[in-house]
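Undergrad: Here it is, the structure, as structure tokens.
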Amino acid sequence: MIIRYRTAANYIRDRFDLKPKIGLILGSGLDILEKEKDVKCIDYRDIPYFPVSTVKGHAGKLGVYEIEGVPTLVMRGRFHYYEGYSLAEITFPIRIMKLLGIEILIVTNASGGINPSFKPGDIMLIEDHINLMGNNPLIGENEEVFGPRFPDMTQAYDSELLEIAQKAARDLGIDVKKGVYMAVTGPSYETPAEIRAFERLGADAIGMSTVPEVIVARHCGIRVLGISSIANLAAGKGSGKLSHEDVVEGSKKSAKNFERLLTETIKRIGLQCIDDPGQFVY
Numbered sequence: 502m503i504i505r506y507r508t509a510a511n512y513i514r515d516r517f518d519l520k521p522k523i524g525l526i527l528g529s530g531l532d533i534l535e536k537e538k539d540v541k542c543i544d545y546r547d548i549p550y551f552p553v554s555t556v557k558g559h560a561g562k563l564g565v566y567e568i569e570g571v572p573t574l575v576m577r578g579r580f581h582y583y584e585g586y587s588l589a590e591i592t593f594p595i596r597i598m599k600l601l602g603i604e605i606l607i608v609t610n611a612s613g614g615i616n617p618s619f620k621p622g623d624i625m626l627i628e629d630h631i632n633l634m635g636n637n638p639l640i641g642e643n644e645e646v647f648g649p650r651f652p653d654m655t656q657a658y659d660s661e662l663l664e665i666a667q668k669a670a671r672d673l674g675i676d677v678k679k680g681v682y683m684a685v686t687g688p689s690y691e692t693p694a695e696i697r698a699f700e701r702l703g704a705d706a707i708g709m710s711t712v713p714e715v716i717v718a719r720h721c722g723i724r725v726l727g728i729s730s731i732a733n734l735a736a737g738k739g740s741g742k743l744s745h746e747d748v749v750e751g752s753k754k755s756a757k758n759f760e761r762l763l764t765e766t767i768k769r770i771g772l773q774c775i776d777d778p779g780q781f782v783y
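Numbering follows my numbering, in which position 23 of the sequence shown is assigned residue number 524; successive positions increment by one, without gaps.
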């Protein structure tokens, strides 16, 4: 596998001539960076061994964006277990980011609100997660070049990055929640009984992604910030049926504030956490 990782990383490096230290994964309905200065963008399908997005709301492009002056490697769309990919394939891009020199990863997603105080359009900063996907991306032979056999997950989500995002939200006048994100496989949505059980387990929001990426990022020594758009209320918490179209549309309710928070947070991370946030080489 290491040969595949290096082949993909070299392909990307040759085309971008980049040295960004921040990576960003945009989730369902959260492709909100179209107006940012796009230096170059390539399709996932053109990158050797890279999976391809098949879900509506995921553009399937890798780009380098100058967000508030901070060069950022952006995945416009991700991969999901329910698409038939293995967890190794889903997290393939994370190890590529490590080889490209990414030090901080910001993961975003659209999720269903479980916490009774949440409503569609809210933004939740992820404090911790619960993995109910029944699998772990680190199962199998350990890639020692990336990290240890038994990585610690006590602080999967970096407290300093979380504090920066909270401060940015306060300064922007954006109300944000904090909570625990639970990951399940999908693609079927949860039953009301399952949601009641998950609430008792401590979940505040639920989705079908993110956790495998975070596990591999932490295994690689990459610091993580997680931001979730509460796109809908989980099963039994609202009225009516759930659909992916509603999730994508629901994400748009928080799009303006989500983009404001994301860009301001990236600017502050670039100033406070990274000595050299990267550079473009023309």
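Using N, Cα and C, we set each Cβ at its ideal position, and we do this for glycine too.
Just so it is clear, the structure is predicted and the values come from calculations on it, not from any experiment.
Pull up the distance between the alpha-carbon of residue 783 and that of residue 509, whole angstroms please.
TA: Note that residue 783 has pLDDT 36, beneath the 50 cutoff, so the model's placement of it is unreliable and the number below is only indicative. If you take the alpha carbons of residue 783 and residue 509, they lie about 21 Å apart.
Undergrad: Among all the DSSP beta bridges, which residues are the ones paired with residue 681?
TA: As computed with DSSP, residue 681 is found in a beta bridge with 629.
Undergrad: On the criterion of 16 or more Cβ atoms from any shown chain inside 10 Å, does residue 744 qualify as buried, or is it exposed?
TA: exposed
Undergrad: Going along the chain, which residues of its own chain have a beta-carbon closer than 8 Å to the beta-carbon of residue 762, five neighbours each way excluded?
TA: 624, 666, 669, 670, 673, 675, 677 and 728
Undergrad: Indicate whether residue 737 and residue 688 have their beta-carbon atoms separated by less than 8 Å.
TA: Judged by beta-carbon spacing, residue 688 lies beyond the 8 Å limit of residue 737, meaning their Cβ atoms are not closer than that value.
Undergrad: Quick check: the Cα distance between residue 600 and residue 507, rounded to an integer number of angstroms?
TA: 7 Å
Undergrad: Please identify the residue among 622, 774, 720 and 589 whose C-alpha is closest to the C-alpha of residue 645.
TA: 720
Undergrad: Looking only at its own chain, which residues have a Cβ that is under 6 Å from the Cβ of residue 552, when we skip the five neighbours before and after it?
TA: 580, 586 and 590
Undergrad: So residue 574 is in the beta strand (DSSP E); what residue range does that whole segment cover?
TA: 571-577
Undergrad: Taking all protein chains shown into account, decide if residue 713 is buried (16 or more other Cβ within 10 angstroms of its Cβ) or exposed.
TA: buried
Undergrad: Once you ignore the five residues that flank residue 516 on each side, which residues in its own chain have a CB closer than 7 Å to its CB?
TA: Counting only Cβ-Cβ distances below 7 Å, and skipping sequence neighbours, we find 541 and 543.
Undergrad: Would residue 518 be called buried (16 or more neighbouring beta carbons within 10 Å of its own) or exposed?
TA: exposed
Undergrad: Per the contact definition of three or more C-beta pairs closer than 8 Å, is the region 637-655 in contact with the region 691-706?
TA: no
Undergrad: Taking all protein chains shown into account, decide if residue 772 is buried (16 or more other Cβ within 10 angstroms of its Cβ) or exposed.
TA: exposed
Undergrad: Flag this pair as yes or no: are the beta carbons of residue 734 and residue 622 separated by less than 8 Å?
TA: no
Undergrad: Going along the chain, which residues of its own chain have a beta-carbon closer than 8 Å to the beta-carbon of residue 569, five neighbours each way excluded?
TA: 764, 765, 767, 768 and 771
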